[in-house]
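Asks: Supplied in structure tokens, the structure appears directly below.
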Ligand SMILES: C[S@@+](CC[C@H](N)C(=O)[O-])C[C@H]1O[C@@H](n2cnc3c(N)ncnc32)[C@H](O)[C@@H]1O
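In the numbering used here, the protein residues as written are 239 to 382.
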């Protein structure tokens, strides 16, 4: 899913219009995700404003099936889009403790904090992000 029709069109082009692919245009701030075994959100959730982020996160967690996985990026508070002249409005940034709090009750398989200077669609920037893979319990069935 994506807000921009062009992003969905690009996805369809790249997958060759695979018959099992369905695309959905929506604003993440209002999105009601269907039940899912995997939620993959690469560099997209931080584009939701803080006043909508909590509801979005609650909905994503509720949508995750037992033994489901989420693989998501959150942006950190030292990202250059978070403050100063380079600030981008309407985005959500998290301190590490806040990111950890969002993952409470999930099994954390990866919580990698990354900081580097790099490029972006808006030009050079300092990236600060959390690359997260987390799963719902129970991840492993008990031996019979
Ligand atoms: C940095 S790009 C990442 C794209 C892709 N996930 C990837 O990893 O290459 C951010 C994407 O989030 C989408 N986006 C931004 N705000 C959004 C919103 N409120 N609801 C849904 N999608 C949004 C943009 O259209 C864009 O495709």
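We put the beta carbon where it would ideally sit given N, CA and C, even for glycine.
Does residue 325 come out as helix, strand or coil in the three-state DSSP assignment?
Replies: One-based indexing of the chain shown puts residue 325 at position 87. Note: residue 325 maps to coil in three-state DSSP.
Asks: By DSSP's criteria, residue 332 is part of a beta bridge. Which residues make up the other side?
Replies: On the chain shown, residue 332 is found 94 positions in, with the first residue counted as 1. According to DSSP, residue 332 bridges with 314.
Asks: Exposed or buried, residue 284, counting other C-beta atoms within 10 Å across all chains shown (16 or more means buried)?
Replies: For the purposes of this step, residue 284 is taken as residue 46 along the chain shown, with counting starting at 1. Per the 10 Å Cβ criterion, buried.
Asks: When DSSP labels each residue in this structure, what does residue 243 get in the three-state scheme?
Replies: For the purposes of this step, residue 243 is taken as the residue at position 5 of the chain shown. Residue 243: helix per DSSP, three-state reduction.
Asks: Between the region 302-316 and the region 329-337, are three or more C-beta pairs nearer than 8 Å?
Replies: The region 302-316, when compared against the region 329-337, does touch it at the 8 Å Cβ threshold.
Asks: Report the CB separation of residue 374 from residue 305 in whole angstroms; it is logged as a contact under 8 Å.
Replies: The residue you call residue 374 lines up with position 136 of the chain shown. The residue you call residue 305 lines up with position 67 of the chain shown. 6 Å between Cβ atoms; contact.
Asks: Quick one: is residue 256 buried, meaning 16 or more other Cβ sit within 10 Å of its Cβ, or exposed?
Replies: Position 18 of the chain shown, counting from 1, holds the residue named residue 256. By the 10 Å Cβ count, residue 256 comes out exposed.
Asks: So what does residue 295 bridge to, in DSSP terms?
Replies: Indexing the chain shown from 1 puts residue 295 at position 57. Answer is none; residue 295 lacks a bridge partner.
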